[in-house]
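Going by the working numbering, the sequence shown opens with residue 1, and the numbers climb by one from there. C-beta: ideal position from N, C-alpha, C; glycine also. A short write-up of the structure that comes next.
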Amino acid sequence: MTLAAHGLAVGFRGRVVGRAIELAIAAGEVVCILGPNGSGKTTLLRTLLGLLAPLEGTVMVDDRALGEWPVRERARRLAYVPQAAESYFDFSVLEMVEMGRSAHRGVFARPGARDLARSLGALERLGIATLADRPIHAVSGGERQLTLIARALATEATHILMDEPAANLDFGNQSRVLDEIARLRDSGAAVVFSTHHPDHALAIADRVVMIRDGSTMAAGATAQVVNSENLSALYGRRVEVALVASGQGTPRLACFPSTGRTT
1 MTLAAHGLAV
11 GFRGRVVGRA
21 IELAIAAGEV
31 VCILGPNGSG
41 KTTLLRTLLG
51 LLAPLEGTVM
61 VDDRALGEWP
71 VRERARRLAY
81 VPQAAESYFD
91 FSVLEMVEMG
101 RSAHRGVFAR
111 PGARDLARSL
121 GALERLGIAT
131 LADRPIHAVS
141 GGERQLTLIA
151 RALATEATHI
161 LMDEPAANLD
171 FGNQSRVLDE
181 IARLRDSGAA
191 VVFSTHHPDH
201 ALAIADRVVM
211 IRDGSTMAAG
221 ATAQVVNSEN
231 LSALYGRRVE
241 VALVASGQGT
251 PRLACFPSTG
261 RTT
């Protein structure tokens with residue numbers, strides 16, 4: 001199971017956001033797309049999903065062009081966690097999660113016992129099962145974000161793409177989401193997530209792709225790519241990467257912004 005992009009240019013009619021992008025995500029791997037605001041992360045993810053057409057190049061799923069997959073089959077393989085989603089209807093949290101099961105049962109079919117079990121299981125995994133009957137408009141922004149992640153888990157997709165999945169979450173829930181990404185990798189899923197936080201990449205990603213001004217600035221194994229030189233160039237400010245001791249005394253890499261602007 002592989003999701004890949006070859007010679008990809010992304011953007012909109014009359015405006016190229018990124019070009020010459022090469023990317024491959026294998027089963028059981030977590031890839032982080034790291035970059036500042038406006039760097040093209042969301043546009044790239046939406047193109048990988050088929051929500052936006054490539055301006056150039058191809059997106060492949062399991063060695064088959066994305067456009068050749070029937071919509072329902074594509075939905076069984078690719079799940080998406082957007083930064084935010086507004087609903088014009090006051091669905092319950094559980095109903096929002098059950099929508100992730102539509103590729104398995106059809107859009108208009110009623111959820112069956114398996115759909116319900118998968119949806120409730122996803123809520124349990126993210127610690128929000130007590131919110132199942134709560135209207136989606138009556139939960140916090142962070143709880144809504146966790147609901148969107150639960151919806152993606154309920155799809156049982158082989159490839160999960162997350163656009164800043166820890167956005168709007170407190171520190172504890174950020175950790176919960178990172179743990180869940182690790183569980184997805186261990187189960188054999190391919191996970192791509194974007195973030196502004198290099199520490200999240202250091203914590204969970206196998207590989208990192210740094211994007212700036214619509215092009216790939218650096219890509220490779222996390223420990224090799226996430227360094228002071230690359231991060232300082234990526235964000236335009238000096239960033240230090242150093243070894244720190246965890247609570248158990250195990251050394252790990254962490255990022256620290258420094259004062260002063262880079263040239």
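- Along the segment 196-247, the beta strand (DSSP E) occurs as fully enclosed runs of 3 or more residues at 207-212, 215-221 and 237-245, listed in sequence order.
- Ranked by Cα distance from Ala9, the options Tyr235, Ser228 and Thr216 are led by Thr216.
- Put simply, the segment 230-241 does not touch the segment 74-83. Fewer than three CB pairs are less than 8 Å apart.
- Residue pairing of Leu34 in beta bridges, as defined by DSSP: Thr195 and Met210.
- Restricting attention to Thr155, Glu56 and Glu22, the CA atom closest to the CA of Ser102 is found in Thr155.
- A distance below 7 Å between beta-carbons, with the five flanking residues on each side excluded, links Leu169 to the following residues of its chain, in chain order: Gly142, Gln145 and Val177.
- For Arg64, the secondary structure class from DSSP, reduced to helix, strand or coil, is strand.
- Residue state for Leu178 is assigned as helix, using DSSP reduced to three classes.
- Thr250 counts as exposed, since fewer than 16 other C-beta atoms from the protein chains shown sit within 10 angstroms of its C-beta.
- The Cβ atoms of His6 and Thr47 lie no closer than 8 Å to each other.
- Burial check for Val71: the Cβ neighbour count within 10 Å stays below 16, so the residue is exposed.
- The Cβ atoms of Val191 and Leu184 lie closer than 8 Å to each other.
- Unbroken alpha helix (DSSP H) runs of no fewer than 4 residues, entirely contained in the segment 78-154, are found at 93-98, 102-105, 113-125 and 141-154, following chain order.
- Here DSSP, grouped into helix, strand and coil, assigns Ala24 to strand.
- Per the DSSP secondary-structure output, Phe12 pairs in a beta bridge with Arg15.
- Exclusion of the five residues before and after Val17 leaves Val10, Gly11, Gly40, Thr43 and Gly214 as the residues of its chain whose Cβ lies within less than 6 Å of its Cβ.
- Boundaries of the beta strand (DSSP E) around Leu161: His159 to Asp163.
- In the structure shown, Ala75 adopts helical secondary structure according to DSSP, grouped into three states.
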